[in-house]
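Enquirer:
Numbering (the working numbering), first residue to last: 100 to 324.
1. For the beta strand (DSSP E) containing residue 290, name the first residue and the last one.
2. Since residue 206 sits in a beta bridge, which residues does DSSP pair it with?
3. Run the CB neighbour count on residue 101, radius 10 Å, all protein chains shown included, and call it buried at 16 or more, exposed below.
4. Does the beta-carbon of residue 238 have 16 or more other beta-carbons within 10 angstroms, so that it is buried, or is it exposed?
5. If I'm right that residue 144 touches residue 206 with Cβ under 8 Å, what's the distance once you round it to whole angstroms?
6. Taking the alpha-carbon positions, what's the residue 341 to residue 185 distance?
7. Output yes or no for whether 7 Å exceeds the beta carbon distance between residue 212 and residue 289.
8. Can you tell me whether residue 258 is helix, strand or coil according to DSSP?
9. Along the alpha helix (DSSP H) that carries residue 134, what are the first and last residues, could you check?
10. Write down the C-beta distance between residue 313 and residue 187 rounded to the nearest angstrom, noting that I regard them as a contact closer than 8 Å.
11. Express the C-alpha separation of residue 272 and residue 309 in angstroms, rounding to a whole number.
12. Please say whether residue 286 and residue 252 have beta carbons closer to each other than 7 Å?
13. Tell me whether residue 270 sits in a helix, a strand or coil according to DSSP, three-state version.
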């Protein structure tokens, strides 16, 4: 198996894990999960890190920025002990901190996804980004244009239904709908073939470069609105 190629067995394991989400099965297949899923996933993160190191989006990660297969079920109604996907982050600091620009990568039984940007701003960060959108509308328009050129757009999954408190007067602003967002995230889905063919590296690097302006724009200081 080439370093950045996944075999069909990887997807078989994810399907089997979903159907047998319990300790006995996981213990019996732990070694396979490491060989076919987690180890090659870490290598992908490391390879992307190397490719982005000399670019304007030097995101970094590896085995230490991957999420565990064991789920924290303390506050969840779903008590399944294991995640049925493999996921990890690339961040400017090379840590698993989500309070910064990031690229999130997920491998699941259908293929997976890549998401890039800023996930769930803290309240003061959110005020800062909203103020920046209002203060620099042309720059934000360029962010949107760059995403569009890369066939991407900002997700509206994490969005208020009304204008945020303190910003009601800007309801007619050209970017009013973006002021309602609580995250600035672009995402794209991945097929199984992307992983099996080894094209995953190019797809991730392409996604990161397509989000260059977004990642730069979102780096704002915390403020009080």
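Using N, Cα and C, we set each Cβ at its ideal position, and we do this for glycine too.
Predicted, not measured: the structure shown is a model, and the values here were computed from it.
Expert: Let me lay it out:
1. 283-290
2. 185 and 211
3. Residue placement at residue 101 is poorly supported in this model, since its pLDDT is 46, which falls under 50; the coordinates are not used for a value here.
4. exposed
5. About 11 Å; that fails the 8 Å criterion.
6. Any question about residue 341 goes unanswered here, given that the chain covers just 100 to 324.
7. yes
8. strand
9. Taken as a continuous stretch (DSSP letters only), residue 134 belongs to no alpha helix (DSSP H), as it is neither H nor E.
10. Residue 313 to residue 187, Cβ: 20 Å. No contact.
11. 26 Å
12. no
13. coil
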